[in-house]
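So the sequences go chain by chain: A and B. When the letters of the first sequence are read in order and numbered with this note's numbering, they come out as residues 485 to 617. When the letters of the second sequence are read in order and numbered with this note's numbering, they come out as residues 485 to 617. What follows is a single structure, written as structure tokens, with notes after it.
Number of protein chains: 2
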Amino acid sequence: MNSTCTIGDLAEEFGVTTRTIRFYEEKGLLNPSRKGQRRHYSLADRTKLRLILRGKRLGLSLDESAEIILMYGTPGNNRKQLDTLLEKIGQKRKELQARRRELDAMLDEMAQAENKCRAAIADLGQQQKPETS
Amino acid sequence: MNSTCTIGDLAEEFGVTTRTIRFYEEKGLLNPSRKGQRRHYSLADRTKLRLILRGKRLGLSLDESAEIILMYGTPGNNRKQLDTLLEKIGQKRKELQARRRELDAMLDEMAQAENKCRAAIADLGQQQKPETS
DNA sequence: TATTACGTTTACGTTAACGTAAACTTAGTG
DNA sequence: CACTAAGTTTACGTTAACGTAAACGTAATA
Chain A
485 MNSTCTIGDL AEEFGVTTRT IRFYEEKGLL NPSRKGQRRH YSLADRTKLR
535 LILRGKRLGL SLDESAEIIL MYGTPGNNRK QLDTLLEKIG QKRKELQARR
585 RELDAMLDEM AQAENKCRAA IADLGQQQKP ETS
Chain B
485 MNSTCTIGDL AEEFGVTTRT IRFYEEKGLL NPSRKGQRRH YSLADRTKLR
535 LILRGKRLGL SLDESAEIIL MYGTPGNNRK QLDTLLEKIG QKRKELQARR
585 RELDAMLDEM AQAENKCRAA IADLGQQQKP ETS
């Protein structure tokens, strides 16, 4: 079963060290159950870890990932909480969309650089290492 | 004129400290000219700084930004250099595209969270603070 | 049962990316 | 020309996100 999950398994599964996982717990991003002294990780824990690591790849800090994880969690039950949550989600989405635009801009520029590079190669003619039939 | 640019001007323009700008120079990301002892920043320098800061927002390290800046620069003149450059650019583009996919996934999930939140609010009915006509 | 593999806590070390402060030089201005 | 504002170098401090190591517990296995 997949509910069985020791810290070592989780570490290997995600390609991180156990230290890293314990560190995330220290920071309040994970709270695995305990069987005796040992930590045991549920599916929910794995999902959280996946979110954290994706956040990292996108350049989010652990605190930011923590916020986002909270947003995904089961929403509160009173109106005010829901309103503020909705507000936060909207804010984050805006931030992420801005990021997306910047990423697209960067990708465009990379494409241009690639073209310039190809052009330079073409200009060079076959003077060196043509290697084409 | 825009070619006149002291470190203070640049710092204010981009909302960073002069320390930050000097630090980037230390790291080899900028190399302003000197008028006497003072640094003077050209348009090219400003462009580089803009790229660096955008990279930061996207979660790139300074080293990664440095690489990218090199890619944008005027390409070398021999075949082998051009080939390896092309290779590097392609690699970086792949990385950035992967990032884009992850960002999109995260945005999707945020949208779902937003919907769940709205649904929860709707379920709540008007029991509290309806505030709608 | 002794060994080995994995787990636990505690604590100090490390790197990137700056912040902060001191001590000094230089340019413009009343 | 004295003063002030901005620049310069040098150097130590700080925070986030772990790495690394020690010293110890426990469970399965030969």
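Glycine included, C-beta positions come from ideal geometry on N, C-alpha and C. None of the values given here were measured: they were computed from a predicted structure.
Residues L566 and L569 of the same chain have their beta carbon placed closer than 7 Å to that of B/P559, with the five preceding and five following residues left out of the count. DSSP, reduced to helix, strand and coil, places B/K532 within a helical segment of the structure shown.
Closer than 7 Å to the CB of B/R534 there is not a single CB belonging to chain A. In the DSSP annotation of this structure, A/K572 is not part of any beta strand (DSSP E); the continuous alpha helix (DSSP H) holding it starts and ends at R563 to D607. For A/R530, no CB of chain B lies under 7 Å from its own CB, so it is not counted at the interface with that chain. Identification of residues in the segment 561-582 of chain B having a C-beta nearer than 9 Å to some C-beta of chain A yields N561, N562, R563, K564, L566, D567, L569, L570, I573, G574, K576, R577, L580, Q581 and A582, given in sequence order. Counting other Cβ atoms within 10 Å of its Cβ, A/G574 stays below 16 and is therefore classed as exposed.
In the three-state reduction of the DSSP assignment, B/K519 falls in the strand class.
Taking the CA atoms as reference points, B/D588 sits about 29 Å from A/T502.
Where A/G492 is concerned, the enclosing alpha helix (DSSP H) starts and stops at I491 to F498. Pairing B/F498 with A/T488, the inter-Cα distance amounts to about 50 Å. Within the same chain, Cβ atoms closer than 8 Å to the Cβ of B/E509 are found at N515, P516 and R523, the five residues on either side in sequence being excluded.
Bounds of the alpha helix (DSSP H) holding B/L546 are L546 to Y556. Within a 10 Å sphere around the beta-carbon of B/G492 sit fewer than 16 other beta-carbons, which makes this residue exposed.
Boundaries of the alpha helix (DSSP H) harbouring A/Y508: T502 to E510, taken from the DSSP string. A straight line joining the alpha-carbon of B/V500 with that of B/I553 spans about 19 Å. A direct Cα-to-Cα measurement between B/S549 and B/G539 gives close to 6 Å.
Considering only beta carbons, no part of the segment 506-525 of chain B lies closer than 7 Å to chain A. A direct Cα-to-Cα measurement between A/Q581 and B/R563 gives close to 39 Å. Comparing alpha carbon positions, the residue from B/L546, B/Q521, B/S545 and B/R584 closest to B/T490 is B/Q521. The beta carbons of A/A606 and B/Y556 sit no closer together than 7 Å.
The CB of B/C489 never comes closer than 8 Å to any CB in chain A; the least such distance is about 22 Å. Residue contact with chain B for A/G543: present (Cβ-Cβ distance below 7 Å to some residue of chain B).
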